[in-house]
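Structure, as structure tokens:
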Amino acid sequence: MSACWTTPQTSTQVSITPLTYKSPLESESCIIKSLGETAYKEIYKGVRNPTYTEHLKYGVCNKGEVKNSVITYYTKEEKIPKGTDACLRTVLGGGVYEKVRAGNTDVPHDLRGKVDRCFGVNPQAFEQARVYKAPDQVRSCLNDTLGETRFNEINSGASQPTEEERVKGSICFSKLNTNQSRFLPPPPEEVHYLETDPNIVELSDAVQETQKVNTQSLGGKLVFAGKSLANSNVYIYIYSTEPIVVTTKADDNGDWVYELNQPLNGEKHIAYAATRTSEGKYVRSSVFDFTVVAAETDLQNQLVNEAQLTQETGRGFIARVLVLAIVLCVTIILILSSFKALRKKHGIQKTEDNQKVSQNQPLQN
991 MSACWTTPQT
1001 STQVSITPLT
1011 YKSPLESESC
1021 IIKSLGETAY
1031 KEIYKGVRNP
1041 TYTEHLKYGV
1051 CNKGEVKNSV
1061 ITYYTKEEKI
1071 PKGTDACLRT
1081 VLGGGVYEKV
1091 RAGNTDVPHD
1101 LRGKVDRCFG
1111 VNPQAFEQAR
1121 VYKAPDQVRS
1131 CLNDTLGETR
1141 FNEINSGASQ
1151 PTEEERVKGS
1161 ICFSKLNTNQ
1171 SRFLPPPPEE
1181 VHYLETDPNI
1191 VELSDAVQET
1201 QKVNTQSLGG
1211 KLVFAGKSLA
1221 NSNVYIYIYS
1231 TEPIVVTTKA
1241 DDNGDWVYEL
1251 NQPLNGEKHI
1261 AYAATRTSEG
1271 KYVRSSVFDF
1281 TVVAAETDLQ
1291 NQLVNEAQLT
1301 QETGRGFIAR
1311 VLVLAIVLCV
1321 TIILILSSFK
1331 ALRKKHGIQK
1341 TEDNQKVSQN
1351 QPLQN
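When we follow the numbering used here, the leftmost residue of the sequence shown carries the number 991, and every step to the right adds one.
Right under this line is the structure:
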């Protein structure tokens, strides 16, 4: 019986498995297991958006990759496909379509996503931001006109363009398809060269929440805030590994807030807020520098959390098995003890009965 009482030894060391390739089916299975079936269904059916932590869990299941849909602008030599134009007319309706196409108004905020779909975007459940790209012809023009060094410095946000460089840049951006540009925000490459007007649009704050999960400190959602024209669309340009764009709307007082749950690669970033004026031109805020917990760090910490959780679950399972084994052993001992007691009692009773039988038998001569 001594084996019943032996306590198994467990290790407290947590080993981290690097992010490795998973097939689509493996990734989906991993996501469902990680999020839970209810959360998985809510997010994929569009009932709600994923939280920052859920983004991290998704990243663990997908090698840390989040693919944002990309819209590449047309040049003025290219025409908007008929199918795209028909889609825009359907989504916006005749009156709004004509006003946007004429440059008299911006795309309504609540229709921004549908308009992007007309240009080929197929947003996924964990895709919060959008990627807009200037065509190669425009990028080559900037590179040739400004020189490779200055182009890269300005494009990364490390340096602001001079007035002369703004003029040169405007010549390159005039190569964009005007009709398409009226349905989309300016590409990130162009935002650096826009006029800065803090009286019209301002990005005043970018604060990241932090949280403690098990023993690890993780980042959280990133909250941007600022001012703009009352009820105007505000486009927030975030320069990460590749520039991403998110959209919000100012309230009646011109205040706006945007919560970004999608983790950012790298720690240091810059951002601009841009909006369209009543004259139909785009202006931007001053450049805003901010620092976050890098997605790479949070993904690694999330792996640690999951490894610890798995280990704790394993230890819990072992503890439950141990308790069950002890209960089973005690039960067996009690049963055996009861059985022995019954046998002993039965033996005594049988002996007494035999003695009575012997006493009652007559003596034979």
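For glycine and all other residues, C-beta sits at the position ideal for the given N, C-alpha and C.
Rounded separation between G1103 and P1151 - CA only: 31 Å
Next item on the list: Kindly indicate the opening and closing residues of the beta strand (DSSP E) around E1249.
Entry: D1245 to L1250
Would N1362 and I1234 qualify as a contact pair, given that the criterion is a beta-carbon distance under 8 Å? Lying before the first or after the last residue shown, residue 1362 is absent from the chain, which here runs from 991 to 1355.
Practice item. Starting from the N-terminal side, write out each stretch of the beta strand (DSSP E) that is 3 residues or longer and does not extend beyond the stretch 1028-1112. Key: 1060-1062
Within the chosen definition, does the stretch 1238-1248 reach the stretch 1105-1117 through at least 3 CB pairs nearer than 8 Å?
-> no
Self-check item: Residues sharing a beta bridge with A1263, DSSP
Solution: I1226
**Prompt:** Quick one: what does DSSP say E1018 is sitting in, helix, strand or coil?
**Reply:** helix
To the nearest whole angstrom, what separates the beta carbons of F1173 and V1090, a pair I think is in contact under 8 Å? 6 Å
Next on the checklist: Does F1163 come out as helix, strand or coil in the three-state DSSP assignment?
Outcome noted: helix
Residue range of the unbroken beta strand (DSSP E) whose run includes I1234:
P1233 to K1239
*asked:* Tell me whether the stretch 1196-1211 and the stretch 1168-1185 touch, counting them as touching only if at least three CB pairs, one residue from each stretch, are closer than 8 Å.
replied: no
- Ordered along the chain, which non-local residues of its own chain (more than five positions away) have a Cβ less than 8 Å from that of E1155? L1136, R1140, I1144 and Y1183
Of the choices R1266, V1283, K1271 and N1169, whose alpha-carbon is the least far from that of Y1064? N1169
_Are the CB atoms of A1124 and P1177 within a distance shorter than 8 Å?_
yes
Need the endpoints of the alpha helix (DSSP H) that R1274 sits in, please.
It is not in any alpha helix (DSSP H) - R1274 instead sits in the beta strand (DSSP E) that spans Y1272 to R1274.
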